[in-house]
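Residues in the sequence shown are numbered from 984 upward in steps of one, following our numbering.
For glycine and all other residues, C-beta sits at the position ideal for the given N, C-alpha and C.
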Amino acid sequence: MLYHKKMLPQRFSFSLAILVLQPGYVTRSTKKILLVEDNDEIRELLALFMKHLGYKVFAAARGLEAIDRASVVHPDLIMMDIRMPGMHGDDATARLKANPSTRDIPVLVVTAYGAGIDTRRALAAGAAEILHKPLDLTTLPNVLHRYLSSRTKKMRSPLKK
């Protein structure tokens, strides 16, 4: 699948997008990721990228929508933008962590802002990690795998007793 450079947000490298969308780079997984991003282009590109990696991707454009979707979908991982209209990602993360049905879902906060009050608030709310935009699409698969494989081990451990 090829994409013209004008179709991709400028923050992402066109050559990296071509690289990761090549056949053979795909893995298969039953893991679900909830992607929360208010920028339509970034959300579509990241969803396409993660789907190509084999993950099931569900999207939300706002914080309140993310809370509702997480309760219905029960994702294995949430990637949360920090600055969105309405409810910011740190507030949405705090609500997710306060809910018994979503509190154990790792939340990776994605932001274009450097270390500051927003990132400190997101970590205090329960975010597992802060990822900075522009995302490095060559290392993102490893980050996703790290959180999703540890989630699998957590879920299996009670059965081994």
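- Taking the CA atoms as reference points, Val1019 sits about 7 angstroms from Ile1061.
- Three or more beta-carbon pairs separated by less than 8 angstroms are not found between the region 1077-1091 and the region 1028-1039, which leaves the two stretches without contact.
- His1115 carries a strand assignment under DSSP once its states are collapsed to helix, strand and coil.
- Secondary structure note for Ile1061: it is in no alpha helix (DSSP H), and the uninterrupted beta strand (DSSP E) holding it is 1060-1064.
- DSSP places Lys1080 in the helix class (H, G or I) of the three-state scheme.
- By the CB criterion at 9 angstroms, His1071 and Gly1046 fall inside the cutoff.
- Secondary structure of Lys1039 (DSSP, three-state): strand.
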